Amino acid sequence: MVTVRVFVNLKPSLLDSAGRTVTGALHKLQFDEVADARIGKTITLQMEKFDEERVKAMCAKLLANPVIEDYSYEVLN
Amino acid sequence: MKVAVIQFPGSNCDQDALYSLREDIGVAAEYVWHDSTSLVGFNAVFVPGGFTYGDYLRCGAMAATAPVMDEVRRFAREGRPVVGVCNGFQILCESHILPGALMQNVNQKFLGQDCYLKAINRTSPWTERVEGVVRIPIAHMEGRYVADAETLARLEGDGLVAFRYVSPTGELSEEWNPNGATNAIAGIVNDKGNVLGMMPHPERATRKLLGCDDGLAIMSAFRLLPVN
């Protein structure tokens with residue numbers, strides 16, 4: 138089995154209202170060095186074998202919404 | 076006219092919709108379960124609000140994969156009437172029946188309140204009877220409409236914006252845009268005008284007993300549309 142970790146994040150041009158609140162909370166805790174925080178999702182897949190085209194297809198069809206989200210992935214042993 | 080009210084696990088406005096359609100609009104309406112593969116005998120579809128599949132992954136993303144949605148896509152394509160309200164609007168967007176997406180409200184709060192709408196498009200069956208400003212309730216946390224620049228330009232240019240949030244006197248103002256929707260968009264129609272998606276709930280405003288019957292102007296299309 139191979140582990141594929143898919144990362145889904147809101148497009149940089151879109152307001153991440155939850156991320157903006159987290160940024161504010163970090164500043165309240167005096168982590169002033171944080172300019173911005175954005176919240177994404179990680180989806181960990183266990184696959185029999187890694188097939189790049191299939192992973193891209195599942196990201197585009199279901200795991201991410203291309204209207205608002207970007208995705209990336211990494212393959213782990 | 077017989078309307079299919081689609082039920083998914085987690086739908087919670089299905090009973091309101093069925094009641095409104097039967098009792099206030101006066102058309103036949105029946106529930107259709109999400110795993111149904113046929114809409115034979117129905118003339119129109121209402122996709123109600125709720126929290127289908129627990130809003131897992133994204134609101135409406137799981138519902139978009141349900142077997143019945145292939146039939147809803149066919150209805151939309153064939154020009155039959157399809158309305159999605161609240162989570163139903165999110166489901167129509169996730170199903171690529173309507174463009175764009177609904178994101179978390181700008182203030183990150185669940186909003187349960189009345190809002191004021193103005194019909195922008197006046198040529199679709201859903202909007203042609205909506206005069207002036209109407210008061211319709213909203214109840215959502217993910218209602219901020221977004222779309223890419225090209226899609227927005229097409230919606231605005233082709234008159235596909237069905238409703239905008241406005242002030243009680245009809246002015247555009249961010250103060251009266253409850254969720255921060257782009258261009259204060261509360262609802263859109265497809266280019267044929269047979270599909271409407273909107274965040275506010277017209278089916279909750281079809282009799283005075285509920286505080287307001289402004290939703291009749293929208294919902295009565297189900298009775299007045301030609302049956303085919």
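Protein chains in written order, with the numbering used here: chain A, 138 to 214; chain B, 76 to 303. Cβ coordinates follow ideal geometry from the N, Cα and C atoms, glycine included. Keep in mind the model is a prediction, meaning the values are calculated, not measured.
The alpha helix (DSSP H) with residue i in it runs from where to where?
i        : result
His164/A : 154–165
Gln165/B : 162–169
Phe168/A : Segment: none, Phe168/A is in no alpha helix (DSSP H) and carries neither H nor E.
Mind reading off the beta-carbon distance from residue i to residue j? Whole number of angstroms is fine, and I expect it under 8 Å.
i        : j        : result
Ile176/A : Val221/B : Rounded, the Cβ-Cβ distance is 16 Å, inconsistent with contact.
Pro123/B : Ala92/B  : 4 Å
Gly255/B : Ala214/B : About 16 Å; that fails the 8 Å criterion.
Leu192/B : Phe117/B : That belief does not hold up - the Cβ atoms of Leu192/B and Phe117/B are roughly 28 Å apart, past 8 Å.
Asp233/B : Asp189/B : That belief does not hold up - the Cβ atoms of Asp233/B and Asp189/B are roughly 29 Å apart, past 8 Å.
Arg148/B : Ile172/B : 6 Å
Gly286/B : Phe164/B : Contact flag wrong, Cβ pair sits at about 22 Å.
What residue range is occupied by the uninterrupted beta strand (DSSP E) comprising residue i?
i        : result
Lys193/A : Taken as a continuous stretch (DSSP letters only), Lys193/A belongs to no beta strand (DSSP E), being part of the alpha helix (DSSP H) at 189–195.
Met178/B : 176–178
Thr181/A : 178–184
Gln188/B : 186–194
Phe297/B : Not the beta strand (DSSP E): Phe297/B falls in the alpha helix (DSSP H), residues 296–299.
Leu147/A : 139–147
Ala214/B : 208–215
Could you tell me which chain A residues have their CB closer than 8 Å to the CB of residue i, listed as they occur along the chain?
i        : result
Glu169/B : Asn202
Ala176/B : Asn202, Val204, Ile205
Ala136/B : Leu199, Asn202
Thr140/B : Leu199
Chain A partners of residue i, CB-CB under 7 Å?
i        : result
Gln165/B : Within 7 Å Cβ-Cβ: nothing; Gln165/B doesn't reach chain A, min ~10 Å.
Ala222/B : Val204
Arg133/B : Asn202
Just the chain A side, please: which residues come within less than 9 Å of residue i by C-beta, in chain order?
i        : result
Gly124/B : Under the 9 Å cutoff, chain A gives no residues; its nearest Cβ is about 19 Å from Gly124/B.
So what does residue i bridge to, in DSSP terms?
i        : result
Thr140/B : In DSSP, Thr140/B forms no bridge with anything.
Trp108/B : Gln82/B
Thr213/A : Reading off the sequence, residue 213/A comes out as Leu, not Thr. DSSP lists Thr140/A as partners of Leu213/A.
Val157/B : Val120/B, Val270/B
Glu206/A : Leu147/A
Cys287/B : Arg282/B
Gly125/B : Ser86/B
Lys77/B  : Ala103/B
Note down, in chain order, every chain B residue with its Cβ under 8 Å from the Cβ of residue i.
i        : result
Thr158/A : Gln183
Leu182/A : By Cβ distance, chain B contributes nothing, its closest Cβ being about 13 Å from Leu182/A, past 8 Å.
Leu151/A : Met178, Val221
Report the neighbours of residue i on chain B: residues whose CB is nearer than 7 Å to its CB, in chain order.
i        : result
Ala155/A : Gln179, Gln183
Run through the region 254–283 of chain B for me and flag every whole beta strand (DSSP E) of 3 or more residues, listed as ranges in chain order. Runs of the beta strand (DSSP E) inside the region 254–283 of chain B: 260–264, 270–273.
At what residue ranges does the region 217–252 of chain B contain a whole run of the alpha helix (DSSP H), taking only runs of 4 or more? Fully enclosed alpha helix (DSSP H) runs of no fewer than 4 residues occupy 224–232 of the region 217–252 of chain B, in order along the chain.
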